[in-house]
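Numbering-wise, the sequence shown is residues 720 to 1027 according to the numbering used here.
Worksheet: one structure, shown below.
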Amino acid sequence: MIKRIITAVIMLAVILSCVFWLRMYSLIITDLLIMAFAIVGGYEMYKSLKKKSINKAIIEVSDGSIRVKEFKLQPMLLPIIICMVIIYPLIYFFSELGLVITLATCTIISLIILVIKHEKYNIADVGATVFNMVYPILIMSILVIMNHSSMGLFSIFSTFAVVVMTDTMAYFIGVTCKGPKLCPKISPKKTISGAVGGVIGGILGMVISYLMFCQFNLFSYMPNELNSIFANIPLNLAVLLPLGAICSVIAEFGDLAASIIKRKIGIKDYGNLFPGHGGVMDRIDSFLAVIPVMYMVFAVIEFSLNIA
């Protein structure tokens, strides 16, 4: 427990320093932190999908004969590496279009490899490759787009606050209140009380974001281009509280989805980079579910302001 807490404090210190201090000097510093999580998480997912425990025997019947074939997912490493290399520059110069170009290009490369090495790979391997690129690399990269938007600081901080508070409150209320299990076959330790606590935590995370930015304006020291949204964007609790509650529920589903994947491929953690916390994927699984929702909501707000 002590190791887990120390690791969490160090992680928070690094992330918050990049978002609230180093970001003042260059947005690229925050971009690089985001991409580091995306790339390491992508590598962890690649290794996990190749685990031997996913092997299954397939009985093939043809011409009156029975053959037993071994099935093993084999995500293609080359398209995944190319995705990691080109995703940031494409997003930096083309924003959302960069995501589409990256996915399309790397998917075509996967299909070319399938044709050339059809005896080694099958369509399931192409699916695993595309899945590996989308989850987590492309989804995590959406944060880079958010970072460069006019609502960059608030959108990133509120996403972070909602997910962290959801996980924290779910853990402490679940341990304290206990009660019936939420999904015992997926995650035996999670309880219904913890899930309810997580929703409360998500709402609190959004309240904290609102107070820091919209009420007390604690970031007025930042350059105008990094802190220019709050004078003309009508953010209020009537919008933010439901958003916090919805995103907290989505975050919990994201956590459960990551747990299902780990169970299916027979691993406990995606990695061991963070003592007591597992790997990068074990830390960003909830974020991956929330990021697209937050991006869409803030994109709609920006669009509404531009046409007003």
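Every residue, glycine too, gets a C-beta built ideally from N, C-alpha and C.
Since the structure is predicted, the reported quantities are computational estimates derived from the model, not experimental observations.
Buried or exposed by the 16-neighbour rule on C-beta atoms within 10 Å, applied to GLU944 = Walking along the sequence shown from the start, residue 944 turns up at place 225. Confidence at GLU944 is low in this model, with a pLDDT of 46, below 50, so its placement is unreliable and no value can be given for it.
So, do the stretch 901 to 908 and the stretch 847 to 854 have three or more beta carbon pairs nearer to each other than 8 angstroms?
-> no
Taking the alpha carbon of SER967 as the point to measure from, which residue in ILE979, ILE753 and ILE919 has its own alpha carbon closest?
-> Locating residue 967 in the sequence shown gives position 248, where the first residue counts as 1. Among ILE979, ILE753 and ILE919, the Cα nearest to that of SER967 belongs to ILE919.
Supposed contact pair GLU763 and MET1000 - C-beta distance, whole angstroms, cut 8 angstroms = The sequence position of residue 1000 within the sequence shown is 281, counting from 1. The sequence position of residue 763 within the sequence shown is 44, counting from 1. Right, their Cβ atoms sit about 5 angstroms apart.
GLY998 versus THR749, ASN936, ILE758 and LYS909, residue with shortest Cα-Cα distance = Numbered from 1 along the sequence shown, position 279 holds the residue referred to as residue 998. Answer by Cα proximity: ILE758.
Cβ of GLN793 within 8 angstroms of Cβ of TYR840?
-> Numbered from 1 along the sequence shown, position 74 holds the residue referred to as residue 793. Numbered from 1 along the sequence shown, position 121 holds the residue referred to as residue 840. Yes, they are a contact pair.
Going by DSSP, what residues sit across from THR910 in a beta bridge?
-> Taking the first residue of the sequence shown as position 1, residue 910 is located at position 191. Paired residue(s): LYS900.
Return the CA-CA distance between ILE734 and LEU752, expressed in angstroms with no decimal places.
-> Along the sequence shown, one-based indexing puts residue 734 at 15. Along the sequence shown, one-based indexing puts residue 752 at 33. When rounded, the distance between both Cα atoms is 8 angstroms.
Is it right to say CYS896 is buried, meaning 16 or more other beta carbons lie within 10 angstroms of its own, or is it exposed?
-> On the sequence shown, residue 896 is found 177 positions in, with the first residue counted as 1. Burial call: exposed.
Helix, strand or coil: which one does DSSP assign to THR990?
-> Position 271 of the sequence shown, counted from the first residue, corresponds to residue 990. Per the sequence shown, the amino acid found at residue 990 is Gly instead of Thr. Here GLY990 sits in coil by DSSP.
Roughly how many angstroms separate the alpha carbons of ILE980 and LEU857, rounded to a whole number?
-> The count along the sequence shown starts at 1 and reaches residue 980 at position 261. The count along the sequence shown starts at 1 and reaches residue 857 at position 138. Approximately 18 angstroms between the Cα atoms of the pair.
What is the rounded straight-line gap between the Cα of MET865 and the Cα of THR826?
-> As a working note, residue 865 is residue 146 in the sequence shown. As a working note, residue 826 is residue 107 in the sequence shown. For MET865 and THR826, the distance between alpha carbons rounds to 25 angstroms.
Classify ALA950 as helix, strand or coil using the three-state DSSP reduction.
-> Translated into positions along the sequence shown, residue 950 becomes position 231. Reliability fails at ALA950, whose pLDDT of 42 lies under 50, so the model's placement of it is uncertain and the value that follows must be treated cautiously. Reduced to three states, the DSSP call for ALA950 is coil.
Which runs of the alpha helix (DSSP H) spanning at least 4 residues fall entirely within the stretch 799 to 835, listed in chain order?
-> 815 to 835
Going straight from the alpha carbon of SER912 to that of ILE832, what length do you get?
-> For the purposes of this step, residue 912 is identified with residue 193 of the sequence shown, where counting begins at 1. For the purposes of this step, residue 832 is identified with residue 113 of the sequence shown, where counting begins at 1. If I take the Cα positions, the gap works out to 48 angstroms.
Rounded C-alpha distance that separates TRP740 from LEU872 | As a first step, residue 740 must be located in the sequence shown, where it is residue number 21. As a first step, residue 872 must be located in the sequence shown, where it is residue number 153. TRP740 and LEU872: Cα-Cα distance of roughly 11 angstroms.
With a CB to CB cut of under 8 angstroms and the five nearest residues on each side skipped, what residues in its chain are close to PRO907?
-> Here residue 907 refers to the residue found at position 188 when the sequence shown is read from its first residue. Answer for PRO907: LYS900, listed in chain order.
According to the Cβ coordinates, are VAL881 and GLY817 closer than 8 angstroms?
-> Position 162 of the sequence shown, counting from 1, holds the residue named residue 881. Position 98 of the sequence shown, counting from 1, holds the residue named residue 817. It is not a contact, given that the beta carbons lie outside the stated cut-off.
In the DSSP assignment, find the alpha helix (DSSP H) that holds SER978 and state where it starts and stops.
-> The sequence position of residue 978 within the sequence shown is 259, counting from 1. Note, SER978: alpha helix (DSSP H), 956 to 984.
When you compare each of ILE800, VAL1016 and TYR807 to ILE747 by their alpha carbons, which one comes out closest?
-> As a first step, residue 747 must be located in the sequence shown, where it is residue number 28. It is TYR807 whose Cα lies nearest to the Cα of ILE747.
Classify ASN946 as buried or exposed, calling it buried when 16 or more other Cβ atoms lie within 10 Å of its own Cβ.
-> Taking the first residue of the sequence shown as 1, we reach residue 946 at position 227. Since pLDDT at ASN946 reaches only 47, below the 50 mark, its modelled position is unreliable, and the value read off the structure follows with that caveat. It is buried - the Cβ of ASN946 has at least 16 other Cβ atoms within 10 Å.
Which residue from ILE965, ASN991 and GLY898 puts its Cα closest to that of GLY760?
-> Working through the sequence shown from its first residue, we reach residue 760 at position 41. Nearest of ILE965, ASN991 and GLY898 to GLY760, Cα basis: ASN991.
Three-state secondary structure (DSSP) of GLY924 = By one-based count along the sequence shown, residue 924 stands at place 205. GLY924 falls in the helix class under three-state DSSP.
Which runs of the alpha helix (DSSP H) fall wholly inside the stretch 849 to 892 and span at least 4 residues, in chain order?
-> 858 to 866
Euclidean distance between Cα positions of ILE984 and ILE810 | Walking along the sequence shown from the start, residue 984 turns up at place 265. Walking along the sequence shown from the start, residue 810 turns up at place 91. If you take the alpha carbons of ILE984 and ILE810, they lie about 31 angstroms apart.
Is DSSP giving GLY998 helix, strand or coil here?
-> The residue you call residue 998 lines up with position 279 of the sequence shown. DSSP places GLY998 in coil when its eight states are reduced to three.
DSSP state of MET931 mapped onto helix, strand, coil = The residue labelled residue 931 in the question sits at position 212 within the sequence shown. In this structure, MET931 counts as helix in the three-state DSSP scheme.
Among the residues of its own chain, which have a CB less than 7 angstroms from the CB of HIS867, if the five just before and after it don't count?
-> Mapped onto the sequence shown, residue 867 falls at position 148. Cβ neighbours of HIS867 beyond the five flanking positions: LEU746.
Under a Cβ-count criterion, where at least 16 other Cβ atoms within 10 Å of its own Cβ denotes burial, should SER928 be classed as buried or exposed?
-> Translated into the one-based positions of the sequence shown, residue 928 becomes position 209. The residue is buried, with at least 16 neighbouring Cβ atoms inside 10 Å.
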